Structure formats: C-alpha cells, structure tokens
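A.B. asks: Quick one: this structure, given as structure tokens, is what I'll be asking you about.
Residue numbers (my numbering): 17 to 436.
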C-alpha cells in the first residue's frame, strides 16, 4: 500500500509541475487571442482526451513534459488547391461552418463543387463552381476542416501566434517558466508552514569515537555559540564553521539544564566527506511560522536554491560527466525515495524541481522557451522576424539533440538500477 501511495504522489507531483507550466503558456496565449489547438500533458500516444471550446485537452503516455500547441507555430492546416472538389455546409448565418475534403458522397445537406479560390486566413472566403454556377461564400472564423473523420479548426491570421506583437508573444512564452517560479514560491511557503520555524539547534545523536563524544557533549544539549558567534537556529552556520575548522580547536558554548558549559572540540576529517566533522546529528525544535516569516522564508529559499542550481550548472560545464546527469528514471527514483520520508519532504523537493524547471526552460537552448525568447529579442532589434524556416530548423535540431540526450541518460539510469 505504501508503494502505491509513493507512486501516486510521484506521478501527481510531475503532473502538477508540467500542468502549471503549460497552463501559463495556454492562459496568456488565449489572452492575446491566439488559437491554442491542443493542451497536452506528456508525449506519445493519447490516454485521455476531451475538447473544451477551441482546445483539445490531452493526457499522453510518457509523462516527460507537455505542450500548448498554438496556431501558426507549425505549418498551418491543409491548403485547398484550385480545382479540388470539396463540400461545404452553411450555418444559420449563411457562412461556411464545415469544409469537407473527403467522403463527399456521404455528406448530407452540403454544397458540393469545385474550389476556384480559397482564403482561410485573411479574407475568409471560398469560391465554388457548382455545375457552372460560381458563388463566393463567407467562411466563419471558427469553421472546421474535416477529413478522415478528423476535425481541424481554421486559424485566421489574427488568431495565429506570428500575428501578435513581440510583447504578446514574449509574454505567452515567458509565462510558462514564471508559473513554475510562482509554484515554487507557494510550495516553499507550504513547506515552511508544515515544518515551522527552527528556534534553536539541539544535539541529537552523538557518534562514538568522534570529537563531540570525546569532549563530553550529550544528546539534548543546546548549541548557544561557537567561537563566540551566536548560533541560534542557524544550523547551516554551525555546519559551515565546523567544516572550515578541520584540525583547529573550536570553543563551543552549550546550554545544559539551564547552565552554560564551554567545550573545546577539534573537528577532523571523515573518509569520503569534505571538511571537518565533530560527529553529531542535530535536532531542530520549531514553532509555527507567521505569515511574514512564511513569505520571507519562501523568498530566501528561492534565492538560495537558485544560487545552488546555477552552481550546479557551472560544475556540470567545467567537469562534464555523463554519470552526473540524471534523466527521468533517476528523477522518478529520487522522488520516490523522498516521498517515503513524508509529505513535507516531497513538498520541498517539488518546490526545488519547479524552480529548476523554470530556470532550465529559460536557458537559450534550441527548442526551449529561452531560445524562443532569444529569437523574439532578435526580431525586436531588427524590426522584422527571423525567417520562420530557419528558426524552425534550429528548434527541430535542438529538440532532436535534447531527445537523444534524454535517451542516453535514461539508458544510463536503467543500467545503474540494474547494476545496483
């Protein structure tokens, strides 16, 4: 039962992270008047799909991402050639509501003829020759093209992504990462409400044959100061000072039974670990966080985590090692392990992943949001867009490279799991 719960929480977390990101793209695209053809979570075969208003909402098999497919980002729908036989059905306003491209003999209540002129982007007109009688029909801006049992809504020029201003398109692209940043802030705040605010650093377990035990520290002691510097609830400060003092004597002031006792400890190294260690496991008694503390604490967590992410990027570039890159399998594995520790740990981990997802998507890597924003920036400076074919090729190559990288790291993750 625990395993089922862990798997459910892991899948739910990734579903929320991706949905929030894509919802940002979707919402601001709709605000700009862009037709969003599909809002998809995952890639690959469809598991579930339904249509609401103009958008097809789809859940796909592979939960490794998602997309909000906007009209005009890809080559638009099928063109109707001059001389092609088609059938149209008019609405109550006498405008073309449906355009049929095949199985014309099975269509009922339609006008069938030979297309002489078709404009489904600008003028929204179709000119049909019906047995020598040529008539021009107005096309409804939400008319459907129907072929092979599939319906595709036309996209007038003013509903396409490329017709909008640079600012509108930039907001629609930037909104995805921004939603991840907002979600990360909320999750950091929720985590702080769960665990509370530490009030002091207490000593938990004391490792045998280590400086803390040799000096006489005991479980339950409160760390008041180190080398004259107050510790309070700053556990990280205690860790940093200890790590930087390997081989150097330190003066620890400890509160025990309401009395302050001074101890001298000399941190030493431990195999496989960096810096000095004294051999204690801390305890962090806490109290409920106020609203102000929650907001400032979440902001502080955002800043510190962002710094850690960029440090990780720098280390990855300077000391590239394929084994240091984790793919979806390793991420799912780590998430499952964290979920077993409790919902508060999973919430904190989800906040980190949401922040990472937002930052990573803003990197100027082809196929990512950051690369698309770079092209929009170039368009703003030039006063005209980059050739769509060239931009599309850059994104295609970038996506192919990212997909290949994902396959490689997934293969490495599976081998690592098999080998233990």
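Just so it is clear, CB atoms sit at the ideal spot from N, CA and C, and this is done for glycine as well. Being a predicted model, the structure only gives us computed values, none of them experimental.
So, residue 442 versus residue 74, is the Cβ gap smaller than 7 Å?
C.D. replies: Not covered by the structure: residue 442. The range shown for the chain is 17 to 436.
A.B. asks: Quick one: grab the DSSP three-state call for residue 87.
C.D. replies: Counting from 1 along the chain shown, the entry for residue 87 is found at position 71. Coil.
A.B. asks: Please determine, among 56, 153, 131, 129, the residue with the shortest C-alpha to C-alpha distance to residue 140.
C.D. replies: Within the chain shown, the letter at position 124 stands for residue 140. Checking every option, the nearest Cα to that of residue 140 belongs to 153.
A.B. asks: Once DSSP output is grouped into helix, strand and coil, what is the label at residue 228?
C.D. replies: Your numbering for residue 228 matches position 212 in the chain shown. Correct three-state label for residue 228: helix.
A.B. asks: Tell me, which residues are paired with residue 177 by DSSP?
C.D. replies: Position 161 of the chain shown, counted from the start, is the residue given in the question as residue 177. Partner(s): none; residue 177 has no beta bridge.
A.B. asks: From what residue to what residue does the beta strand (DSSP E) around residue 163 run?
C.D. replies: Position 147 of the chain shown, counted from the first residue, corresponds to residue 163. Here the beta strand (DSSP E) through residue 163 covers 149–163.
A.B. asks: What does residue 135 pair with, by DSSP beta-bridge criteria?
C.D. replies: Within the chain shown, residue 135 is the residue found at index 119, counting from 1. Paired residues: 141.
A.B. asks: Kindly give me the distance between the Cβ atoms of residue 103 and residue 120, rounded to whole angstroms, as I take these residues to be in contact under 8 Å.
C.D. replies: Position 87 of the chain shown, counted from the first residue, corresponds to residue 103. Position 104 of the chain shown, counted from the first residue, corresponds to residue 120. About 5 Å separates the two Cβ atoms, so the contact holds.
A.B. asks: Closest by CA to residue 285, which one among 279, 294, 130, 278?
C.D. replies: Here residue 285 corresponds to residue number 269 of the chain shown, with the count starting at 1. Nearest option by C-alpha distance: 294.
A.B. asks: Applying the criterion that 16 or more other CB atoms from any shown protein chain within 10 Å of the CB defines a buried residue, is residue 148 buried or exposed?
C.D. replies: Mapped onto the chain shown, residue 148 falls at position 132. Its Cβ having fewer than 16 others within 10 Å, residue 148 is exposed.
A.B. asks: On the three-state DSSP scale, how would you describe residue 402?
C.D. replies: To locate residue 402, count along the chain shown from 1; it is residue 386. Three-state result, residue 402: coil.
A.B. asks: Helix, strand or coil: which one does DSSP assign to residue 350?
C.D. replies: Within the chain shown, residue 350 is the residue found at index 334, counting from 1. Three-state DSSP puts residue 350 in a helix.
A.B. asks: Assuming residue 403 and residue 189 form a contact by the criterion Cβ under 8 Å, report the distance between their Cβ atoms to the nearest whole angstrom.
C.D. replies: Here residue 403 is taken as the residue at index 387 of the chain shown, counted from 1. Here residue 189 is taken as the residue at index 173 of the chain shown, counted from 1. About 19 Å separates the two Cβ atoms, so there is no contact after all.
A.B. asks: What residues in its chain sit with their C-beta under 8 Å from that of residue 268, if we drop five residues either side in the sequence?
C.D. replies: Residue numbering aside, residue 268 sits at position 252 when the chain shown is read from its first letter. 231, 233, 239, 241, 242, 278, 279, 280, 281.
A.B. asks: With a floor of 4 residues, list each alpha helix (DSSP H) that falls wholly inside the stretch 56–122, ordered by position along the chain.
C.D. replies: DSSP runs (the alpha helix (DSSP H)) wholly in the stretch 56–122: none.
A.B. asks: Three or more beta-carbon pairs under 8 Å between the stretch 60–78 and the stretch 215–224, yes or no?
C.D. replies: Touching, no, given that fewer than three Cβ pairs across the two stretches are closer than 8 Å.
A.B. asks: Unbroken beta strand (DSSP E) runs of length 3 or more, entirely within the stretch 24–56: which are they?
C.D. replies: Runs found: none.
A.B. asks: Pick out whichever of 235, 276, 198, 227 has its Cα sitting closest to the Cα of residue 261.
C.D. replies: Reading the chain shown from its first residue, position 245 is the one you call residue 261. Residue 261 has its Cα closest to that of 227, out of 235, 276, 198, 227.
A.B. asks: Is it buried or exposed, residue 306, if we count other Cβ atoms within 10 angstroms and call 16 or more buried?
C.D. replies: Residue numbering aside, residue 306 sits at position 290 when the chain shown is read from its first letter. The residue is exposed, with fewer than 16 neighbouring Cβ atoms inside 10 Å.
A.B. asks: With a cut-off of 8 Å on the beta carbons, I'd call residue 176 and residue 70 a contact; round off their distance for me.
C.D. replies: What you label residue 176 is simply residue 160 of the chain shown in a count that begins at 1. What you label residue 70 is simply residue 54 of the chain shown in a count that begins at 1. About 13 Å separates the two Cβ atoms, so there is no contact after all.
A.B. asks: When the Cα of residue 29 is compared with those of 89, 323, 397, 366, which residue comes out closest?
C.D. replies: As a working mapping, residue 29 is identified with position 13 in the chain shown. Nearest option by C-alpha distance: 366.
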